[in-house]
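The working numbering numbers the first residue of the first sequence as 83 and each following residue consecutively.
The beta carbon of each residue, even a glycine, is placed where N, CA and C say it ideally should be.
Source: prediction; values computed, not measured.
Below: the structure, in structure tokens.
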Amino acid sequence: MKSSQALIPTQKEAPNDAQIISHQLMIRAGLISKLASGLYSYLPMGLKILQKIEKIIREEMNNSNAQEVLMPITQPAKLWKESGRWDEYGAELLRFNDRHNREFCLGPTHEEVITNLASQYINSYKQLPMNFYQIQTKFRDEVRPRFGVMRSREFIMKDAYSFHLDKDSMRVEFEKMHATYCRIFERLGLNYRPVLADSGSIGGESSIEFHVLAESGEDDICFSDESDYAVNIEKVAFSKQVKTNDASASEEKVLTKNITSIEDVAQFLKVEQKQCVKILIIKTTNGYKALALRGDHALNEIKTQNLFGNFEFASDKEIKSLDLKKGFIGVKDLSINLIVDYSAEVMVDFICGANHWDHHLTGVNWDGIKFEAVDLRNAIEGDASPDGKGKLVIKRGIEVGHIFQLGDKYSKAMNANVIGESGKAMMMIMGCYGIGVTRVVAAIIEQNYDNRGIIFPVNVAPFSVVIVPINYNKSTRVKGLADVLYQQCLDSDIEVLLDDRKERAGIMFADSDLLGIPHRIVLSDTHADNGNVEYKARNNPEKLEIKFDNALAFIQSKLI
RNA sequence: CGGAGUGUAGCGCAGUUUGGUAGCGUACCUGGUUUGGGACCAGGUGGUCGAAGGUUCGAAUCCCUCCACUCCGACCA
């Protein structure tokens, strides 16, 4: 392709609503254009990249015997009511009515449709197992879209669904997809990790997320520094602990006027935050509960939800109505259920609110207090790894893939069964496997950039090579050489961009660097005097002079 | 959902306090000089100042309503 005929709207400055590097660079390199919050158009270069990623995913999925299908984005409510998710899914599911006032939604995922499809066409155990996938647009009405295509409302996903006669078969496919995903992310040049995760609203028993390690990630991933333990912070489970110290202090009420936060209390009393206990009040469907955590720990909302169902933090008003003093709530004499985290349970001589304005208690112990102990908190850096080996290290990750063992959640609800060997109907067992294709684009950029722009791996770059002829429009010699090399590349099926614009060298260099094209050939009169061209790789500052006659072979050698 | 902030040319911004002809940089167009890392000179195109309403002789500016977008928080008791 020639630059003069391509729409590559590069910009010097990023719009100021672009916060993270991948968003800024995708806008500046002219890959995407924002239409509205969480909605982006893919411009020609952006689409090229997307298609490269899709190609790799297709090849690997096909190699793993998955069959590609394409399902509608518009889905009838009927199916969602059958699965029970019409009521479960919440506001992220965009619902609407058609002209006949029938209810529909835009598909945030496709379990319902594929299960319906499978129950229609898979009738015998002899057809199993089967795995279907599609690469298609999803819509999720996110509370807060952000970071460009990283968390957008409309996005492209590769989703796959497998059907099995039994759990063993499902587990085999799960492992196969695990390996397939590893091959995909490796080919995409990503530094990634598979981690154990919570299965969320999709449901099912076991799930593994694939995270690309990057500072801008929205998830915290916990690793052991001594074993291969790797788990999403949501899912790090702690077990009951044994007390290591005995109580020794006696209880004392101290004046802490207007000192309410754990941070301030600890500072005021000159103790560490982990010597304090903090109380959170939540509202559940079974009434209010007080949750006690060690001062330096944070509540894990997923664990809380798993224990108590949907919940909200109590508002100031509600706290007041319970006769509690916000900022000074303690563990003693509570009128509501007290739930204590395992690591708070083993604390001795601790500090907490006095349930009395402007006072805290020191030297408090659990003796005589009625409570229930559970695992409630998030892991923090330095915690002992739950597998007993080493300590936890926490890193940020971008979730680019997630694989689930669904079991019979959908097949049961939607009555998807086959006739088994014995002649009796058997419920199908399912697995499902997703990759956020558009998010992968952003993740690749988050891991591959410098101060000049993107550094695409060859596998996903919009072009493999850019030819930068200096004075293309003045020097007939340079133009002649550039045109010859360009044609040679085209004839050899090399994806090449010829910058034939009437621009100065600096602009052409800046644009090709910004766009991240891996290989660059510069043609100029000075080089031509020696029969040479200049070669430079995007990821290497070194410039090489090579003979023009060898240029094509040289490029080809770089692309293997 | 709460809290904060921002809407002025494709992008980045000033002007709003104190009402009085719509500005700057960049990008874009024309001509010229330049030509290996985002050149220079001259001229030019482009904006119903987010939308509607109100106050006023006069509104980007003051008042009201709405809309959009961004950030922060969903960590605190």
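Element boundaries [alpha helix (DSSP H), containing residue i]
i, result
"Q106", "I103 to R110"
"E400", "D398 to S403"
"F350", "I344 to F350"
"Q355", "Premise fails: Q355 is in no alpha helix (DSSP H) and is neither H nor E."
"Q638", "A633 to L641"
"H609", "D607 to D611"
"R177", "Per DSSP, R177 belongs to no alpha helix (DSSP H); it is in the beta strand (DSSP E), R177 to N179."
"K491", "K491 to A495"
"F390", "E383 to F390"
"A466", "Premise fails: A466 is in no alpha helix (DSSP H) and is neither H nor E."
"E170", "R167 to E170"
Check whether residue i and residue j have beta carbons under 8 Å apart
i, j, result
"L645", "I552", "The shown model of the chain, from 83 to 642, leaves out residue 645, and the question about it has no answer."
"K84", "L580", "yes"
"Q157", "F178", "no"
"N198", "L161", "yes"
"A372", "N419", "yes"
"K240", "V519", "yes"
"A242", "A148", "yes"
"I131", "P544", "yes"
"S546", "L634", "no"
"L89", "L125", "yes"
"S334", "G445", "Correcting the residue type first, residue 334 is Glu in the shown sequence and not Ser. Result yes, Cβ atoms of E334 and G445 sit closer than 8 Å."
"Q209", "M153", "no"
"I384", "G435", "no"
"G513", "S244", "yes"
"A455", "V430", "no"
"R215", "E150", "In the sequence under discussion, the amino acid at residue 215 is Tyr, which differs from the Arg named in the question. Yes; because the gap between Cβ atoms is below 8 Å, this pair is in contact."
"S298", "F256", "no"
"S251", "Y122", "no"
"Y643", "A396", "The requested residue 643 is not part of the displayed model; the chain covers only 83 to 642."
"G562", "L295", "no"
"I537", "G598", "yes"
Rounded separation between residue i and residue j - CA only
i, j, result
"H105", "G120", "12 Å"
"W448", "E427", "8 Å"
"V578", "V500", "52 Å"
"R110", "L389", "46 Å"
"I589", "P190", "42 Å"
"G472", "A100", "39 Å"
"L585", "D595", "The amino acid at residue 585 is misidentified as Leu; the sequence shows Glu. E585 and D595: Cα-Cα distance of roughly 15 Å."
"L351", "P468", "32 Å"
"E224", "N392", "18 Å"
"R559", "D607", "7 Å"
"I628", "Y617", "7 Å"
"V359", "L375", "6 Å"
"L605", "D532", "25 Å"
"S288", "R459", "21 Å"
"Q202", "K163", "18 Å"
"L626", "N555", "24 Å"
"A592", "R602", "12 Å"
"K414", "T367", "24 Å"
"S206", "G502", "6 Å"
"F410", "S343", "9 Å"
"F432", "D307", "30 Å"
"D378", "P227", "30 Å"
Cβ-heavy atom distance, residue i to the ligand ZN, below 7 Å
i, result
"M252", "Judged by which ligands are present, the structure shown has none, so any question about the ligand ZN falls away."
DSSP bridge partner residues for residue i (one or two, in chain order)
i, result
"L626", "Y617"
"S115", "S123"
"K160", "Looking at the DSSP assignment, K160 forms no beta bridge with any residue, so it has no partner."
"L375", "K360"
"D423", "V456"
"R547", "Checking the sequence, you will find Val at residue 547 rather than Arg. V578 and H601."
"F432", "V446"
"G516", "D241 and H484"
"G128", "Note: G128 sits in no beta bridge, so no partner."
Residue range of the beta strand (DSSP E) that includes residue i
i, result
"I196", "Here I196 belongs to no beta strand (DSSP E); instead the alpha helix (DSSP H) covers E193 to Y203."
"T444", "H441 to V446"
"V336", "E334 to L337"
"A524", "Not the beta strand (DSSP E): A524 falls in the alpha helix (DSSP H), residues V519 to Q529."
"E394", "F393 to F395"
"L188", "E185 to L188"
"Q209", "Taken as a continuous stretch (DSSP letters only), Q209 belongs to no beta strand (DSSP E), as it is neither H nor E."
Segments of 3+ residues assigned as beta strand (DSSP E) that fall wholly inside the segment 235-320: 236-246, 274-278, 289-295, 301-306 and 312-314
In chain order, which continuous runs of the beta strand (DSSP E) of length 3 or greater are located wholly inside the segment 558-586? 578-580
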